[in-house]
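Visitor: Take a look at the following structure, please.
Numbering (our numbering), first residue to last: 1093 to 1181.
Below you can see the structure in the form of structure tokens.
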């Protein structure tokens, strides 16, 4: 949710034109929280021009674009850490 409020120096959304992922709209629906969250992050990223990439629900998925690493769901923790460590190498 935090990245959706971030902007680049020119005022455009941070995720615009970047490869990103997050908890998908279908994963949110599966846990019954669609109506409880302020907005669906996948939908917001797409609206902001993010190049959204998802795998099947509950599968590990990480996207790396420059120094930005995003993960799809809790199952993505290890692939996100591995991607982050690779950036530091």
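We put the beta carbon where it would ideally sit given N, CA and C, even for glycine.
#1: Consult DSSP for residue 1144 and reduce its assignment to one of helix, strand or coil.
#2: What residue range is occupied by the uninterrupted beta strand (DSSP E) comprising residue 1160?
#3: Got a sec, what are the start and stop residues for the beta strand (DSSP E) residue 1121 sits in?
#4: Note down, in chain order, each residue of its chain lying with its Cβ closer than 8 Å to the Cβ of residue 1175, except the 5 sequence neighbours on either side.
#5: Would residue 1158 count as contacting chain D if we go by Cβ distances under 8 Å?
#6: Here's a check: name, in chain order, each residue in its chain whose Cβ is nearer than 7 Å to the Cβ of residue 1144, leaving out the five neighbours to either side.
#7: What are the boundary residues of the beta strand (DSSP E) that includes residue 1157?
#8: Measure the CB-CB distance between residue 1108 and residue 1142 and report whether it falls below 8 Å.
Guide: Let me lay it out:
#1: Strand.
#2: 1160 to 1163 is the extent of the beta strand (DSSP E) around residue 1160.
#3: Where residue 1121 is concerned, there is no enclosing beta strand (DSSP E), although the alpha helix (DSSP H) it sits in stretches over 1117 to 1122.
#4: So the qualifying residues of the chain are 1154, 1156, 1161.
#5: Protein chains in the displayed structure number just one, and chain D is not present.
#6: 1112, 1113, 1134, 1137, 1138.
#7: Element bounds for residue 1157: 1154 to 1157.
#8: Closer than 8 Å, so yes.
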